[in-house]
Amino acid sequence: MKKIIAANWKMYGNNNFVQEYFEYLTKNLKNNNKKNIIIFPSYLHLDKANFFKKKSNLFKLGAQSCHCNNKTAQTSSISAKMLMEIGCDYTLVGHSEWRNNNHEKNISHILRNVLTNNMTPIYCIGENLSDKESNNTESVLEVQLQNIIDNIDYYSGKIIIAYEPVWAIGSGLTPEINVISFIHSYIKTKISQKLPSLQEKDIMVLYGGSVNIKNTKEILNTNNVDGVLIGGASIDVKEFTNICNQEL
Ligand code: PGA
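What follows is the structure, encoded as structure tokens:
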């Protein structure tokens with residue numbers, strides 16, 4: 001199965017950055033059929049990114065979130081249909097930075113909207129520091145996973161979860177490697193217990209939180225890890241290209 005290497009640019013970038021990033025990436029990225037590279041720029045830069053996606057065919061494109069409806073009058077929002085039309089293959093759903101500013105009750109509807117518009121959601125879950133310190137990681141993840149279970153009928157392809165401990169995002173800290181493997185296995189088991197018809201290979205779990213050139217290889221080679229979601233280190237195009245070109 002192809003490993004996913006995803007770049008989450010968050011609120012970073014301007015026109016020059018995007019141009020230079022994709023010129024460098026598409027020139028230096030090795031065509032590697034063992035990996036699936038996905039870039040998540042800001043909404044504003046999706047169109048330009050799609051130009052390079054179509055020209056190079058070396059990466060896929062995703063958005064960082066979307067609204068839960070396609071048609072209502074929602075000033076300032078972006079619908080899943082708009083994202084699909086502009087070339088997105090994936091959408092992040094429920095990133096912890098998004099959860100900080102939005103109503104969690106909409107997440108299930110966002111997942112459904114992404115799925116019904118023929119994109120694949122990458123559903124982000126993770127415990128915060130106090131959950132971890134009070135040994136509540138598994139119960140927090142179980143509650144967050146309910147949104148996947150509730151929308152399972154809409155899935156036809158793979159289910160992709162990104163396990164991103166909130167305390168690891170942008171902090172330079174990561175869980176022990178055996179903890180990452182254990183939690184990924186826990187996530188896969190939880191989903192397949194609820195839905196016995198699913199096979200393990202249909203459930204992909206990415207790790208995110210302080211992934212960089214130094215730790216990617218070890219993380220990607222860990223049992224139950226199907227890919228990585230990279231924030232800060234993906235902004236540096238040379239580092240990100242090197243991460244993608246590493247032999248696994
Ligand atoms: P980070 O962010 O790699 O900067 O920790 C990851 C993310 O927020 O997806």
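Every letter in the sequence shown is one number past the one before it in my numbering, and letter 58, counting from 1, is 58.
Ideal Cβ placement from N, Cα and C applies to all residues, glycine included.
- With a threshold of 7 angstroms, the Cβ atom of residue 128 does not count as near ligand 1, since no heavy atom of the ligand is closer than that.
- Judged by the Cβ position, residue 233 qualifies as a neighbour of ligand 1 at the 7 angstroms threshold, a heavy atom of the ligand being closer than this.
- Residue 61 sits in a strand when the DSSP states are folded into three classes.
- Within 10 angstroms of the beta-carbon of residue 105 lie fewer than 16 other beta-carbons, which makes it exposed.
- A direct Cα-to-Cα measurement between residue 119 and residue 170 gives close to 27 angstroms.
- The C-beta distance from residue 35 to residue 5 rounds to 6 angstroms, short enough to fall under 8 angstroms.
- Nearest to residue 238 by alpha-carbon distance, out of 26, 71, 47, is 26.
- Residues of the same chain with a CB within less than 8 angstroms of the CB of residue 193, apart from the 5 flanking positions on each side, do not exist.
- When C-alpha distances from residue 85 are compared across 227, 133, 164, 114, the shortest belongs to 114.
- Using a cutoff of 7 angstroms, the CB of residue 215 does not count as near ligand 1, since none of the ligand's heavy atoms is closer than that.
- Counting only the Cα atoms, residue 134 lies some 46 angstroms from residue 52.
- 49 is the residue among 49, 2, 28, 216 whose C-alpha sits nearest the C-alpha of residue 17.
- About 6 angstroms separates the beta carbon of residue 205 from that of residue 163, a gap short enough to meet the 8 angstroms contact definition.
- Under the three-state reduction of DSSP, residue 208 is assigned to strand.
- Residue 37 carries a strand assignment under DSSP once its states are collapsed to helix, strand and coil.
- If you look at residue 237, you'll find it in the alpha helix (DSSP H) that goes 237-245.
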